[in-house]
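*Asks:*
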Amino acid sequence: QFSINGTNISNPFTAPAATGVWDEFYAVWNSGVSTSATICIVNQNTSAGGNDFGLDDIFFANICSSTESVTITVNPPADATITPQSPICEDNGTITFSAAQSGGTWSGTGITNTSTGTFDPSVSGAGTFDITYTIPGSCGDQDMVQILVNALPTADAGADQVICAGEQVTLVGSGATTLAWSNSVQDGVAFTPSSTVTYTLTATDGNGCVDQDQVTVTVNPLPNVNAGLDQTVCDGANVTLSASGATSYTWSNGVVDGQSFTPTPGTTTYTVSGTDANGCVNSDDVDVNVFTYPVVDVNADVQVGYPTLQVNFNDLSSGGDTYFWDFGNGQTGVVSVPTNQTMSYGSVGTYTMELTISNGSCQVSDTIMITVIPFPAPLIHVPNIFTPNQDGSNDEFFIDTEFVSELNVLIINRWGNTVAEITTPQGVWDGTINGNAADDGVYFFRYEATGLNGDVLTGHGNITLVR
Numbered sequence: 182q183f184s185i186n187g188t189n190i191s192n193p194f195t196a197p198a199a200t201g202v203w204d205e206f207y208a209v210w211n212s213g214v215s216t217s218a219t220i221c222i223v224n225q226n227t228s229a230g231g232n233d234f235g236l237d238d239i240f241f242a243n244i245c246s247s248t249e250s251v252t253i254t255v256n257p258p259a260d261a262t263i264t265p266q267s268p269i270c271e272d273n274g275t276i277t278f279s280a281a282q283s284g285g286t287w288s289g290t291g292i293t294n295t296s297t298g299t300f301d302p303s304v305s306g307a308g309t310f311d312i313t314y315t316i317p318g319s320c321g322d323q324d325m326v327q328i329l330v331n332a333l334p335t336a337d338a339g340a341d342q343v344i345c346a347g348e349q350v351t352l353v354g355s356g357a358t359t360l361a362w363s364n365s366v367q368d369g370v371a372f373t374p375s376s377t378v379t380y381t382l383t384a385t386d387g388n389g390c391v392d393q394d395q396v397t398v399t400v401n402p403l404p405n406v407n408a409g410l411d412q413t414v415c416d417g418a419n420v421t422l423s424a425s426g427a428t429s430y431t432w433s434n435g436v437v438d439g440q441s442f443t444p445t446p447g448t449t450t451y452t453v454s455g456t457d458a459n460g461c462v463n464s465d466d467v468d469v470n471v472f473t474y475p476v477v478d479v480n481a482d483v484q485v486g487y488p489t490l491q492v493n494f495n496d497l498s499s500g501g502d503t504y505f506w507d508f509g510n511g512q513t514g515v516v517s518v519p520t521n522q523t524m525s526y527g528s529v530g531t532y533t534m535e536l537t538i539s540n541g542s543c544q545v546s547d548t549i550m551i552t553v554i555p556f557p558a559p560l561i562h563v564p565n566i567f568t569p570n571q572d573g574s575n576d577e578f579f580i581d582t583e584f585v586s587e588l589n590v591l592i593i594n595r596w597g598n599t600v601a602e603i604t605t606p607q608g609v610w611d612g613t614i615n616g617n618a619a620d621d622g623v624y625f626f627r628y629e630a631t632g633l634n635g636d637v638l639t640g641h642g643n644i645t646l647v648r
């Protein structure tokens, strides 16, 4: 390690372990006020061996120098000339004054930063203000200018308005010579807003100063008025119209909401106007279709009779498109136009024939009672003489029957021989035997008659043949 004037300098140097290797070792010493130097090489490894070393090229020299100079500046006179400012408005925002030379101090009403010359019109308010700029010192300077701060106009957009959807509104502003509205609205010109909007009025005076005001136009939606579903009824039916979606309702044609009435035939459109709590009105329509009833007119040629009773129904109805026949005996039929019908009733009893006519909306019906009565007991009327002389009067022998379905008559002469036979209720004996005229005299007969009610009558008698 080096030492100078008895003081160790720098850090100790450790020699390499290998021999024959040269390392440079140096130290820097600041002489300070010393004018002489005693340089020593001090061995710092005294406790053990291996402290042999060699020296070569020892050098001690001055390695730095110092100079000092003094500059004398001759300053020209300061120039505090201020750049003039145009008039501004109260809401202009801050501005910064400038001068020909920096480094001075600004003062005056509205100056918020004396170093930068920041002027705030919101601090000064409206008016004319003196602004001073001062550069201090023996070469200093000072200047002063005036700045005009114009007051803002007072914009008035008017009172808020409330309208119903579809209505027009007119916005009229005031407060300046030039008025401009947001949303492309023109001052004093009616328009129809579609929704609630706050409109901004921008008022600009002759100095270019601007003020704003706002007005809100509230657009209340129209009530969702519902007149109800269309109705189809028959003539004479009552109808009740009830609307919804509002608080009060007014119907056309004198209809009162929720009260029944009897509409006239045909299709009538009823309009309801509904008003909500905001006074907004909307309307809706409903159609009431009133159909007239078809005309049912049917008659029967017979309503009471014996089995099998055949009844002819004469249909004089009109105005329908479906004619449904129920004959009361299990038989039915459907036709589309008035059609006469024929029906047979084979069993004793009472039947209700009903004809129902519909025109698709209204239907009417009519009934006819058909009564099938049982046959009475069979009746037999037997003559006792006939004159087959071809004079056109009483020329045939026959048994007069009522309510008989079958008849068998045997005619027998006095010797017990069958000379003729009648086999139907309409059968006759013309007074001949095998095509020859029978002799005058008394003939015997036996008969068996089956009634329409099923009863069987038998009997016998005699008949006198006279020519």
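The numbering used here puts the first residue of the sequence shown at 182, with every later residue one more than the last. In this text, a Cβ means the ideal position worked out from N, Cα and C, and glycines have one as well.
(1) Residues in the same chain with beta-carbon distance under 6 Å from S546, minus the five sequence neighbours each way, listed in chain order, please.
(2) Please confirm whether G494 and V479 have their CB atoms less than 8 Å apart.
(3) Quick check on DSSP: helix, strand or coil for S517?
(4) My output table needs one value for S303: the three-state DSSP class, helix, strand or coil.
(5) My guess is that A601 and I614 are in contact by the Cβ rule of under 8 Å, so how many angstroms apart are they, rounded?
(6) Helix, strand or coil for G530 per DSSP?
(7) Kindly give me the distance between the Cβ atoms of Q633 and F556, rounded to whole angstroms, as I take these residues to be in contact under 8 Å.
(8) Comparing alpha-carbon positions, which option in P446, P404, V476, L422 lies nearest G455?
(9) Spell out a yes or no on whether the segment 326-336 and the segment 374-392 are touching, meaning 3 or more CB-CB pairs, one atom from each, closer than 8 Å.
(10) Can you give, in chain order, each stretch of the beta strand (DSSP E) that sits fully within the segment 393-455 and has at least 3 residues?
(11) By the 10 Å Cβ neighbour count, where 16 or more other Cβ atoms means buried, how is V398 classified, buried or exposed?
(12) So which of W362, I263, Y380 has the shortest CA-CA distance to M325?
(13) Identify whether N495 lies in helix, strand or coil by the three-state DSSP scheme.
(14) Have a look at S542, D301, S296 and flag the residue whose alpha-carbon is nearest the alpha-carbon of E271.
(15) Going by the CB atoms, is the gap between G291 and S279 shorter than 8 Å?
(16) Please identify the residue among I328, F194, W203, V396 whose C-alpha is closest to the C-alpha of N224.
(17) So is S305 buried or exposed if we call it buried at 16+ other beta carbons inside 10 Å?
(18) Can you grab the Cα-Cα spacing for the pair T473 / Q412, in whole Å?
(19) Output the boundary residues of the beta strand (DSSP E) element that contains R627.
(20) Compute the Euclidean distance between the alpha carbons of V199 and F234, then round it to the nearest angstrom.
(21) Below 8 Å on the Cβ atoms is my contact criterion, and I expect V127 with F578 to pass it. Report the Cβ-Cβ distance as a whole number of Å.
(22) Note down the Cα distance separating N540 from V420, rounded to an integer number of angstroms.
(23) Can you check whether the CB of A371 is closer than 8 Å to the CB of V396?
(24) Where does G509 land, buried or exposed, given buried means 16+ other C-beta within 10 angstroms?
(25) According to DSSP, is L333 part of a helix, a strand, or is it coil?
(26) Please classify V553 as buried or exposed, where buried requires at least 16 other C-beta atoms within 10 Å of its C-beta.
(27) Per the DSSP calculation, C390 is bridged to which residue(s)?
*Replies:* Let me spell this out:
(1) The beta carbon of S546 lies closer than 6 Å to those of E535, T537 in the same chain, with the five residues before and after it left out.
(2) Looking at the sequence shown, residue 494 is not Gly but Phe. Going by C-beta atoms, F494 is nearer than 8 Å to V479.
(3) In this structure, S517 counts as coil in the three-state DSSP scheme.
(4) Of the three classes helix, strand and coil, the one that applies to S303 here is helix, per DSSP.
(5) Yes, A601 and I614 are in contact; Cβ-Cβ is about 7 Å, under 8 Å.
(6) DSSP places G530 in strand when its eight states are reduced to three.
(7) What sits at residue 633 in the sequence shown is Leu, not Gln. The pair is a contact, with the Cβ atoms about 4 Å apart (cut-off 8 Å).
(8) Here the closest residue by C-alpha is P404.
(9) Result yes; three or more Cβ-Cβ pairs closer than 8 Å.
(10) Fully enclosed beta strand (DSSP E) runs of 3 or longer: 412-415, 429-432.
(11) V398 should be labelled buried.
(12) Among W362, I263, Y380, the Cα nearest to that of M325 is on I263.
(13) DSSP places N495 in strand when its eight states are reduced to three.
(14) Nearest option by C-alpha distance: D301.
(15) Against a cut-off of 8 Å, the Cβ pair of G291 and S279 comes out as no contact.
(16) The shortest Cα separation from N224 among I328, F194, W203, V396 belongs to F194.
(17) Answer is buried; the Cβ neighbour count reaches 16.
(18) Cα to Cα, T473 sits roughly 14 Å from Q412.
(19) Start and end: 622-632.
(20) With the sequence shown as reference, residue 199 is identified as Ala, and Val is not the correct amino acid for it. In this structure, the CA atom of A199 is about 11 Å from the CA atom of F234.
(21) Limits of the chain in this structure are 182 at one end and 648 at the other, which puts residue 127 out of reach.
(22) Approximately 20 Å, taken between the alpha carbons.
(23) A371 is positioned such that its CB atom lies no closer than 8 Å to that of V396.
(24) By the neighbour-count rule (16 or more Cβ atoms within 10 Å), G509 is buried.
(25) Of the three classes helix, strand and coil, the one that applies to L333 here is coil, per DSSP.
(26) Burial call: buried.
(27) Paired residue(s): none; C390 is not in a bridge.
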